[in-house]
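Colleague: Residue numbers (UniProt numbering): 1 to 448.
#1: If you count every other CB in all the chains shown that lies within 10 Å of the CB of residue 314, and 16 or more means buried, which is it?
#2: Tell me the residue span of the alpha helix (DSSP H) that contains residue 64.
#3: In this structure, what does DSSP give as the bridge partners for residue 204?
#4: Could you tell me if residue 209 is buried or exposed, where buried requires 16 or more neighbouring beta carbons within 10 angstroms of its beta carbon?
#5: I'd like to know whether the C-beta atoms of residue 78 and residue 131 end up nearer to each other than 8 Å.
#6: To the nearest angstrom, how far is it from the Cα of residue 98 to the Cα of residue 88?
#7: Whose CA, out of 212, 248, 229 and 267, lies closest to the CA of residue 219?
#8: Do three or more CB pairs link the region 115-129 to the region 138-149 at distances below 8 Å?
#9: For residue 212, name the three-state secondary structure that DSSP assigns.
#10: Under the assumption that residue 176 contacts residue 257 (Cβ atoms under 8 Å), give the Cβ distance between them as a whole number of angstroms.
#11: If you drop the 5 nearest sequence neighbours on each side, which residues of the same chain put their C-beta closer than 8 Å to that of residue 253?
#12: Specify, as a first and last residue, the run of the alpha helix (DSSP H) that residue 230 falls within.
#13: Looking at the structure shown, is residue 267 part of a helix, part of a strand, or coil, going by DSSP?
#14: On the three-pair Cβ rule with 8 Å, is the region 65-80 touching the region 14-21?
#15: Find the nearest neighbour of residue 158 within the set 181, 190, 183 and 124, judged by alpha-carbon distance.
#16: Anyone know if the C-beta pair for residue 250 and residue 91 falls short of 8 Å?
#17: Could you tell me the alpha carbon to alpha carbon distance between residue 235 and residue 39, rounded to whole angstroms?
#18: Less than 8 Å between the beta carbons of residue 84 and residue 129, yes or no?
#19: I'd like to check one pair, residue 138 with residue 82: are the Cβ atoms closer than 8 Å?
#20: For residue 271, count neighbouring Cβ atoms within 10 angstroms of its own Cβ and tell me buried if that reaches 16, exposed if not.
#21: Going by other Cβ atoms of all chains shown within 10 Å of its Cβ, with 16 needed for buried, is residue 215 buried or exposed?
#22: Taking residue 57 as the reference, give the member of 307, 334, 247 and 72 with the closest Cα.
#23: Quick one, which of 179, 107, 150 and 133 has its alpha-carbon nearest residue 170's?
#24: Mapping the DSSP letters down to three states, classify residue 199 as helix, strand or coil.
#25: Pop quiz: residue 452 and residue 3 are said to be a contact at Cβ under 8 Å. What is the actual Cβ separation, rounded to whole angstroms?
#26: The beta strand (DSSP E) with residue 47 in it runs from where to where?
#27: Taking the alpha-carbon positions, what's the residue 154 to residue 307 distance?
#28: Need the endpoints of the beta strand (DSSP E) that residue 84 sits in, please.
#29: Going by C-alpha to C-alpha distance, which of 7, 103, 312 and 264 sits closest to residue 69?
#30: Classify residue 413 as buried or exposed, calling it buried when 16 or more other Cβ atoms lie within 10 Å of its own Cβ.
#31: Please check the pair residue 135 and residue 266, which I expect to be a contact at CB under 8 Å, by giving their CB distance rounded to whole angstroms.
#32: Could you tell me which of 298, 1 and 333 sits nearest to residue 454, measuring between CA atoms?
#33: By DSSP's criteria, residue 142 is part of a beta bridge. Which residues make up the other side?
#34: If you follow the alpha helix (DSSP H) that residue 165 is in, where does it begin and where does it stop?
#35: Given a threshold of 16 other Cβ atoms within 10 Å of its Cβ, counted over all protein chains shown, does residue 344 qualify as buried or as exposed?
What follows is the structure, given as structure tokens:
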């Protein structure tokens, strides 16, 4: 979409209102010292996306022409704008002439041009007539009146009538929402008829919201005498134009551009190239192909740079997520280790009591052994005393008679045998030295 018109007709505000965001920036203030200097027209392109209420996204390329109509001699402005439009057709023509076409080729042809007319209350200026004649051969032109809130209803109606009379008088082929009675249905014919009667569209645009008397927040302009609402059909034709450009007539604008305007240009180019192939360098297919190739290479380089930026941003997000997951896993491991330590600490204090309760037999046997040891020690001591102090009732043995070996049998009235008493009477070593033999064991060794 191209917006063309003199400075101060509301092009920037209209584009920002249409896209619901800032796409075009406000122009810098011109210093009085340099106001007399002529500034050439510039053709600037902006890529943006428009999201509809149903979630549909529309990729829109806006072509702005700042500086048009600001100079005394504006013939250079005509040539620059028309040259830009024809250059887009040349790229498509060169791409179609290739043996192998680029699958990533981007069609940059302009499908519609909104020509902004100053709200003077009169008809078209000569500048407007000349430029609209040139533009209408290369693009679909729709005339609009910018800043229409400066006119009263009567002045606006009179201005619309005079503008359409000038367009018909100069035979300017604008896009007047054509229809065919034989092909189109009754609803389409009625809709296009109503849109044709509204030409040129009267636009009131605003980037800010104001509060109405009933408390509503609306996009509009506030004046001492009242509020002009942008989306109110009684105040502005903005909503009608927006729905036509982005909805009902979007396909018609593209079809007319390709089937009619481009085909006419292609026919002119090919016919003139056959007649003047030696004199015209711009019409050489090889030059066109090379120019298109260079432009497309630059476009591909820009797209690859954008893809690299997106890839780096996505990779950074992935790395951040990985670091976050690693820290979470470390926290989980620490929590599991702490739970394991707490569980082990809670089990250890109860193990000694449970061990004592689980082995009653061993404890009893140790008690019996200790009792047996004590009894053995007592018996051994009594035996030693008996050997040292012989009883008077027992006569002493003869000197030549050897003592009888100890019997393994248990003495009457005693629970222990001789070997048991001597073995148990020997106390265990306490300081790591070999235990000394008891007197009974020593006597036995001497007998042997």
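Glycine included, each C-beta is placed from N, C-alpha and C at the ideal position.
Modeller: Quick look at the numbers:
#1: So residue 314 ends up on the exposed side.
#2: Bounds of any alpha helix (DSSP H) do not take in residue 64; it lies within the beta strand (DSSP E) bounded by 57-64.
#3: None, per the DSSP bridge assignment.
#4: Burial call: exposed.
#5: In contact: residue 78 and residue 131 (Cβ atoms closer than 8 Å).
#6: Between residue 98 and residue 88, the C-alpha separation is close to 16 Å.
#7: Of the candidates 212, 248, 229 and 267, 229 places its Cα closest to the Cα of residue 219.
#8: Counting Cβ pairs under 8 Å, three or more are found: they touch.
#9: DSSP places residue 212 outside both helix and strand once states are collapsed to three, so it counts as coil.
#10: Contact between residue 176 and residue 257 does not hold, since the beta-carbon distance rounds to 16 Å and is not under 8 Å.
#11: In the same chain as residue 253, and ignoring 5 residues on each side of it, the C-beta atoms closer than 8 Å to its own belong to 111, 112, 140, 175 and 245, in chain order.
#12: DSSP places residue 230 in no alpha helix (DSSP H); its state is neither H nor E.
#13: Reduced to three states, the DSSP call for residue 267 is helix.
#14: With contact defined as three or more Cβ pairs closer than 8 Å, the region 65-80 and the region 14-21 are not in contact.
#15: The option with the nearest alpha carbon to residue 158 is 124.
#16: Judged by beta-carbon spacing, residue 91 lies beyond the 8 Å limit of residue 250, meaning their Cβ atoms are not closer than that value.
#17: Using only the alpha carbons, I get a separation of about 35 Å.
#18: One thing to note: residue 84 has its Cβ no nearer than 8 Å to the Cβ of residue 129.
#19: The criterion of a C-beta distance shorter than 8 Å is satisfied by residue 82 and residue 138.
#20: Around the CB of residue 271, fewer than 16 other CB atoms lie within 10 Å, so the residue is classed as exposed.
#21: That one is exposed.
#22: If we check each option's Cα against that of residue 57, 247 comes out closest.
#23: The residue with the shortest Cα to Cα distance from residue 170 is 133.
#24: In this structure, residue 199 counts as coil in the three-state DSSP scheme.
#25: Because the chain spans 1 through 448 in this model, residue 452 falls outside it and cannot be assessed.
#26: For residue 47, the enclosing beta strand (DSSP E) covers residues 44-51.
#27: Roughly 54 Å separates the two Cα atoms.
#28: No beta strand (DSSP E) holds residue 84; the alpha helix (DSSP H) holding it covers 75-96.
#29: Ranking 7, 103, 312 and 264 by Cα distance to residue 69 puts 7 first.
#30: In this prediction, residue 413 scores a pLDDT of 47, lower than 50, which makes its location untrustworthy; no coordinate-derived value is stated.
#31: Between residue 135 and residue 266 the beta-carbon gap is near 18 Å, outside 8 Å, which marks them as no contact.
#32: Missing from the structure shown is residue 454; the chain here goes from 1 to 448 and no further.
#33: BP columns for residue 142 point to 114.
#34: In the DSSP assignment, residue 165 falls within the alpha helix (DSSP H) that extends over 153-169.
#35: Classification for residue 344: exposed.
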